[in-house]
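A.B. asks:
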Amino acid sequence: MLVVIKGNDWEGKVGDELRTVFGEHQVGLPQPETILSVTQVDPTGFASFMRNSKSILVLEKGAKESFSIKENKYSKPQVVMFITAKDEAGFIKVIQQKSKEIIKTFQALDIKKMQRHFAKNKLDDSKYKTTKNLGLSLTIPKIFKTVDDTGEFLWLRQHLKSGIARGDGSNNILIYALPLEDEATVAENITKMRDAIGEKYIPGSDEGMYMITEQAYAPFTFDAEIDGKKAYETRGKWEVKNDFMAGPFINYTIVDKKNNRLIVFEGFTYAPSVNKRDFIFELEAIGKSLKIK
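Counting in full-length UniProt numbering, the sequence shown runs from 1 upward without gaps.
1) Between the region 268-280 and the region 119-127, do three or more beta carbon pairs fall short of 8 angstroms?
2) Is isoleucine 164 helix, strand or coil when you go by DSSP?
3) Which residues mark the beginning and the end of the beta strand (DSSP E) in which tyrosine 128 is found?
4) How long is the line joining the alpha carbons of glutamate 233 and glycine 28, rounded to whole angstroms?
5) Counting C-beta neighbours from all protein chains within 10 Å, is the total for phenylalanine 144 16 or more, i.e. buried, or is it exposed?
6) Counting C-beta neighbours from all protein chains within 10 Å, is the total for alanine 285 16 or more, i.e. buried, or is it exposed?
7) Could you give the uninterrupted runs of the alpha helix (DSSP H) lying entirely in the region 12-55, keeping only those of 4 residues or more?
8) Exposed or buried, which one is glycine 15 when buried takes at least 16 other CB atoms within 10 Å?
9) For proline 179 and proline 219, I'd like the C-alpha separation in whole angstroms.
10) What separation, rounded to the nearest whole angstrom, lies between the Cα atoms of glutamate 152 and alanine 47?
11) In angstroms, rounded to a whole number, what distance separates the CA positions of methionine 209 and glutamine 215?
12) In chain order, what residues of the same chain lie with their CB nearer than 8 angstroms to the CB of asparagine 242, ignoring the 5 residues before and after it?
13) Taking DSSP as the reference, what is the three-state secondary structure of phenylalanine 281?
14) Note down, in chain order, each residue of its chain lying with its Cβ closer than 8 angstroms to the Cβ of glycine 163, except the 5 sequence neighbours on either side.
15) In the DSSP assignment, what are the bridge partners of leucine 2?
16) Decide if arginine 277 is buried, meaning its Cβ has at least 16 other Cβ atoms within 10 Å, or exposed.
17) Between Ala63, Ile103, Leu109, Lys100, which has its C-alpha nearest glycine 90's C-alpha?
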């Protein structure tokens, strides 16, 4: 996110509030990483290529407090948000009132951009027995390779042997379905369900080792919506039981009432010693592309 604000305001109380709000850490990651990456520019320097940024927040002095959003003002795709106020207190008030909307809007823009990028070179998901049997489609880039496809459980993996991963890491996708038994208890049973799947399908290097939800770190679950259906988004950390492998995961558990089932998409990352926000973000974009046919 590019913040257009005068330097003295950025160094003062308004800048402190912006850094507090938009410097919030993303939950479920092993290392502290902010939800958004923020860059500041003075209005005098906001010209030419700077205006091509896709997510822009402009703070400017005005007679009254206001907040507005304009799409594709300087380039496409782009969202530009304007906060107007007459003084520090006014700016801080609007920032606090609109912070959640600002974050949600900019994140949605990033997701759509990533999905368009993946769509240019996507896998043919109809070739997988599991997605075919479950009646699902997703936008998954071709860099993912099949680990397991039973017809009931799909595991795809992207190796991260170069670039920012700097090691033999991987991004992983899991897709499966479970019976919908009691809708009221879905959220509280997500950890139990994913641990059962880990024991059944995701073994470690030796007997008795398999993927589980990290026991020392309680995951966070939020209400979500996938393909117009009620869903739960869970972020947390996984580990291999009786081993030292671990990393972050994002899980979407979708309530498919029509077919009396839960559709589960999970992405998890193994990338030791490097930041993992961007890897989980890519998995989030794939998960949010899921459609039930």
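For each residue, glycine too, the CB sits at the ideal point set by N, CA and C.
C.D. replies: Walking through what the data contain:
1) no
2) Per-residue confidence for isoleucine 164 stands at a pLDDT of 47, beneath the threshold of 50, marking its modelled position as unreliable; no derived number is given.
3) Premise fails: tyrosine 128 is in no beta strand (DSSP E) and is neither H nor E.
4) 11 angstroms
5) buried
6) buried
7) 13-22
8) buried
9) 22 angstroms
10) 53 angstroms
11) 14 angstroms
12) Gly204, Asp206, Gly208, Met209
13) helix
14) Residue placement at glycine 163 cannot be trusted, given a pLDDT of 46 that sits under 50; the coordinates are not used to answer.
15) Thr39, Ile56
16) buried
17) Ala63
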